[in-house]
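Asks: Counting with our numbering, you get residues 34 to 700 for the letters of the sequence shown.
Note that beta-carbon positions come from the ideal geometry of N, C-alpha and C, so glycine has one too.
The structure under discussion is supplied below as structure tokens; questions concerning it will follow.
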Amino acid sequence: MPLATFYFQLHQPFRLDPDRNKFLWDESNSEIFLKVAEKCYLPALWMFADLIQHYPAFKVTFSMSGTFMEQAELYQPDVIKALHELVDEGKKNQQVEFLDETYYHSLTSLFADPQKQEFRDQVMLHRVKMHEILGILPTSFRNTELMYNNQIAEIVADMGYQAILCEKRDDMFMMKNRPISPNAVFRAKGSNLIVIPRNRELSDDIAFRFPHSSLSADEYASHIANIDGEAVLLGYDFEHIGEHIWEDKGIFEFWKRLPEALAKYPNIVVVNPSDIAERFKDADCPVVDIHDLSTSSWADKGRDTFGWLGNPTQCDLFKDIESMEKDVRRAGGELFTRWRHLTTSDHVYFLHEKLGEDHAVHFYFNPYGGSTARPAQILTRKIDDLQLMIKRFDVLKHGGKTAVLMITPETGRLPEDMGGLSKYISGKSGGQGEVISALCEGLTERGIDIHLVTLNLKKRFQRELQMDEHQWREIRYKIDPDKIHLVSSAIFAENLSAYTGDVLLTAAEFQKEIVNNFIKEIRAKHEGRVIIHSHDWMAGGAITAYAKATGIPVLHTVHNVFTEHLPVDLLRGINLINIAEYIFLSEHEGRQAIDCQATAIKNATIINFVGKRFLEEIVDDFFLDRPLVPPSVRQEVKAKYYQDSARAIINAPSQLMYPESCEHCFR
């Protein structure tokens, strides 16, 4: 009983304007999209909606790039309406499935970055767009032009997808002592990700050879019924219907007749990728093993990446684009968006020089008159222009920007851009340290000048680094701390965390040093432009009172509602008279003290809770019968809440974690 999947790709790139003063070629993009929409997208989508309605056993699968969806919104919104109609028709019997891919139909899966961060980000952009336009969250995936290798599969599995499509290639079938059918369902190496290879021969019978053959829907259904294997994936460029193959060749009539022809063969079951993933999730599937240097694709005769990286010009320009990632991330905004457009695979595909049948395909899609020199010149110029804009942007930003002073008793590993000490510092005690680490990484990537002040837990650092006292001193004396500022004291130097030992003495030393030295130094470096981001009670108290008194904006993150009462007599050396009106005083064990958490909340410009429910429970007087929330903290939180100065932003997980891959999260 063969399973048959009919899959269609919809993609339009934003072509680059030959005019050096413009970036995207709006006139060409609009003209091409409107032409193809009239000949293909609209009539073909309406046709499939009708077929879905009349043939409940017939199913179709689609993948649309983000740039296709964006152009549909810009140039022909009726295409979006037609997609909605198709989705609505297919809901009842789950006849229509959409896949995720990269938003920009890009080559980012081939970047050298082992974490493939830009690839992940573009997939998430696509996911957001799919949900925004169609209300769909796909569970199966297809990469640009079905590019596949072990590393890509590992990332896709990590992102929580159940299945991935790829191109069938002979080296997928080399399994020792095990016969494998040519239409087998595979599993990715090292994961449970189901891999579904496309049957090129049967697919190309329609997508390429149809105009030159007399193949009927009945004959095609017969070929499918007689396949050798469990499942056949038939994948096509959607534009073959009406655009590449014109209507007068009978292509629309072929598709209209196919569902009825398939129905004559009871052994054919039409399914979508998620159906296959469900059927084979516990099966003993052969494993696909395609090394990173042997990436497969559905393009050209070689089924590899030579269509994009087959000559030195293509490789050089691809590397130029890849090398800009760090700088454009720091720049952000429109510059980042432009760079992402440059990652679109079509731009280097236009530069393919190979002769033969492959050349005809490249020539057809080339909007620059078939020349490879012209698109190479245009792409090179756009890359050069963007690099120049990034340099100008950096000059402007460094002219006078506001720094962020992160104050925390603990941290996780820090980004290298923060200075030489970054790889030696980690005093993490629970989740707060990971949050600090992620914040520093994210802010640094966006080009924000960030300084971090934390405790010098010397013994902890030495233990983690397996260093003795002499080696640690070598580091401290020879490495410029740059943007990492350590508060040192014999009081806590031997402690293994911020919250062991005498925490009140630790807090007093921490707050005194920051108020008397670090805030002043860092503020002066930035001509007075600084924002403080304080974390939990130890970074509150006198620090936030001083910030308020001297006009420094404060964002205070409440990780938990615990507070400490820091005796005033421990803070000798700070001029408390000047900040007295900003201190939340308390009496604790017979001593006058500063309520550190309440003081921090009181003086913050904005407070942030790490969960919405957490914040609401405090404001709505939950747990009044239990000593869980100090009254002082509840009082100040309520005041901020009713001043619209309280926010709830959850602690984000690592960029490499995806809720879809967590068995404890709802799908």
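Going by C-alpha distance, which of A578, V156 and E293 is nearest H138?
Replies: Position 105 of the sequence shown, counting from 1, holds the residue named residue 138. The residue with the shortest Cα to Cα distance from H138 is V156.
Asks: Touching or not, the stretch 355-367 and the stretch 479-487, by the rule of three or more beta carbon pairs under 8 angstroms?
Replies: Short answer: they touch.
Asks: Apply the 10 Å Cβ neighbour rule to H484 and answer buried if 16 or more other Cβ atoms are within range, or exposed otherwise.
Replies: Taking the first residue of the sequence shown as 1, we reach residue 484 at position 451. It is buried - the Cβ of H484 has at least 16 other Cβ atoms within 10 Å.
Asks: Are there three or more Cβ pairs, one per stretch, closer than 8 angstroms when the stretch 622-642 is compared with the stretch 576-583?
Replies: Enough Cβ pairs lie closer than 8 angstroms, so yes.
Asks: Identify whether S687 lies in helix, strand or coil by the three-state DSSP scheme.
Replies: Here residue 687 corresponds to residue number 654 of the sequence shown, with the count starting at 1. Confidence at S687 is low in this model, with a pLDDT of 47, below 50, so the placement of that residue is unreliable and no value is reported for it.
Asks: I need the straight-line Cα distance from S567 to G561, nearest angstrom please.
Replies: Start at 1 with the first residue of the sequence shown, and residue 567 comes out as number 534. Start at 1 with the first residue of the sequence shown, and residue 561 comes out as number 528. Roughly 18 angstroms between the two C-alpha positions.
Asks: Mind checking which residues open and close the beta strand (DSSP E) that includes P230?
Replies: Working through the sequence shown from its first residue, we reach residue 230 at position 197. Here the beta strand (DSSP E) through P230 covers I227 to R231.
Asks: How many Å lie between F39 and H518 at the Cα?
Replies: Walking along the sequence shown from the start, residue 39 turns up at place 6. Walking along the sequence shown from the start, residue 518 turns up at place 485. Roughly 59 angstroms between the two C-alpha positions.
Asks: Are V587 and F551 close, meaning C-beta to C-beta below 9 angstroms?
Replies: Here residue 587 corresponds to residue number 554 of the sequence shown, with the count starting at 1. Here residue 551 corresponds to residue number 518 of the sequence shown, with the count starting at 1. Contact flag unset, no.
Asks: DSSP beta-bridge partners for S6?
Replies: Past the edges of the chain, shown from 34 to 700, lies residue 6, and the structure says nothing about it.
Asks: Select from K456, Q42 and R48 the residue whose C-alpha is nearest the C-alpha of R373.
Replies: Residue 373 sits at position 340 when you count from the first residue of the sequence shown. It is R48 whose Cα lies nearest to the Cα of R373.
Asks: Could you have a look at S96 and say whether DSSP puts it in helix, strand or coil?
Replies: The count along the sequence shown starts at 1 and reaches residue 96 at position 63. S96 falls in the strand class under three-state DSSP.
Asks: Quick one: what's got a C-beta closer than 6 angstroms to E286's C-beta in the same chain, skipping five residues either side?
Replies: On the sequence shown, position 253 is the one that residue 286 refers to. None.
Asks: Using a threshold of 9 angstroms, state whether the C-beta atoms of A186 and V321 are closer than that.
Replies: Indexing the sequence shown from 1 puts residue 186 at position 153. Indexing the sequence shown from 1 puts residue 321 at position 288. Yes.
Asks: Do P35 and the ligand FAD come close, with the Cβ less than 8 angstroms from some heavy atom?
Replies: Looking at this structure, you won't find the ligand FAD or any other ligand, since it has none at all.
Asks: In its own chain, which residues sit with a C-beta less than 6 angstroms from the C-beta of A332, not counting the 5 before and 5 after it?
Replies: Taking the first residue of the sequence shown as 1, we reach residue 332 at position 299. Same-chain partners within the cutoff: E178 and G340.
Asks: If contacts are defined as beta-carbon pairs under 8 angstroms, then Y136 and S63 qualify, I think. What distance do you get, rounded to the angstrom?
Replies: As a position in the sequence shown, residue 136 is number 103, starting the count at 1. As a position in the sequence shown, residue 63 is number 30, starting the count at 1. About 20 angstroms; that fails the 8 angstroms criterion.
Asks: Are the stretch 314-330 and the stretch 289-298 touching by the rule of at least three beta carbon pairs closer than 8 angstroms?
Replies: With a cut-off of 8 angstroms, the stretch 289-298 and the stretch 314-330 do not count as touching, because too few Cβ pairs lie within range.
Asks: Count the other C-beta atoms from every protein chain shown that fall within 10 angstroms of the C-beta of R425, then say buried if there are 16 or more, exposed otherwise.
Replies: Taking the first residue of the sequence shown as position 1, residue 425 is located at position 392. With fewer than 16 other Cβ atoms within 10 Å, it is exposed.
Asks: Report yes if the C-beta distance between A250 and A294 is below 9 angstroms; otherwise report no.
Replies: Sequence index remark: in the sequence shown, residue 250 carries index 217 (1-based). Sequence index remark: in the sequence shown, residue 294 carries index 261 (1-based). A contact, by the Cβ cut-off of 9 angstroms.
Asks: Using the three-state DSSP reduction, which class does G262 fall into: helix, strand or coil?
Replies: Looking up residue 262 in the sequence shown gives position 229. Three-state result, G262: coil.
Asks: For Q676, is the classification buried or exposed, using 16 other Cβ atoms within 10 angstroms of its Cβ as the cut-off for buried?
Replies: Start at 1 with the first residue of the sequence shown, and residue 676 comes out as number 643. The residue in question, Q676, is exposed, as its Cβ has fewer than 16 Cβ neighbours within 10 Å.
Asks: Looking at E620 and S530, is the spacing between their C-beta atoms short of 9 angstroms?
Replies: To locate residue 530, count along the sequence shown from 1; it is residue 497. To locate residue 620, count along the sequence shown from 1; it is residue 587. Against a cut-off of 9 angstroms, the Cβ pair of E620 and S530 comes out as no contact.
Asks: Count Cβ pairs between the stretch 629-640 and the stretch 653-671 that sit closer than 8 angstroms; are there 3 or more?
Replies: At 8 angstroms Cβ cutoff, the stretches touch.
Asks: Where does P306 fall in DSSP's three states?
Replies: Your numbering for residue 306 matches position 273 in the sequence shown. If DSSP states are grouped into helix, strand and coil, P306 belongs with the helices.
Asks: Which residues share a DSSP beta bridge with Y136?
Replies: Here residue 136 refers to the residue found at position 103 when the sequence shown is read from its first residue. DSSP output for Y136 lists no bridge partner at all.
Asks: What three-state label does DSSP hand N528 in the structure shown?
Replies: Looking up residue 528 in the sequence shown gives position 495. Here N528 sits in coil by DSSP.
Asks: Grouping DSSP H, G and I as helix and E and B as strand, with all else coil, what is G644?
Replies: The residue labelled residue 644 in the question sits at position 611 within the sequence shown. Of the three classes helix, strand and coil, the one that applies to G644 here is coil, per DSSP.
Asks: Within 10 angstroms of the Cβ of N176, are there 16 or more other Cβ atoms? Answer buried if so, exposed if not.
Replies: Here residue 176 corresponds to residue number 143 of the sequence shown, with the count starting at 1. That one is buried.
Asks: Count the other C-beta atoms from every protein chain shown that fall within 10 angstroms of the C-beta of M357, then say buried if there are 16 or more, exposed otherwise.
Replies: On the sequence shown, position 324 is the one that residue 357 refers to. Classification of M357: buried, given that the 10 Å Cβ count is 16 or more.
Asks: Just grab the DSSP bridge partners of S173 for me.
Replies: The sequence position of residue 173 within the sequence shown is 140, counting from 1. Paired residue(s): A196.
Asks: Take I301 as the anchor and find which of F219, P35, V643 and F617 has the nearest alpha-carbon.
Replies: Within the sequence shown, the letter at position 268 stands for residue 301. It is P35 whose Cα lies nearest to the Cα of I301.
Asks: Determine the closest residue to N225 out of I239, H245, S173 and D121, with distance taken between C-alpha atoms.
Replies: For this step, residue 225 is matched to residue 192 along the sequence shown. N225 has its Cα closest to that of S173, out of I239, H245, S173 and D121.
Asks: So, at 7 angstroms on beta carbons, what are the nonlocal neighbours of L158 in its own chain, with the 5 sequence-adjacent residues on each side left out?
Replies: Stepping through the sequence shown from its first residue, residue 158 is reached at position 125. Contacts found: G99 and Y136.
Asks: Alpha carbon to alpha carbon, how far is S142 from D337?
Replies: Within the sequence shown, residue 142 is the residue found at index 109, counting from 1. Within the sequence shown, residue 337 is the residue found at index 304, counting from 1. Using only the alpha carbons, I get a separation of about 14 angstroms.
Asks: Given this structure, state the Cα-to-Cα distance separating T346 from F271, to the nearest angstrom.
Replies: By one-based count along the sequence shown, residue 346 stands at place 313. By one-based count along the sequence shown, residue 271 stands at place 238. For T346 and F271, the distance between alpha carbons rounds to 30 angstroms.
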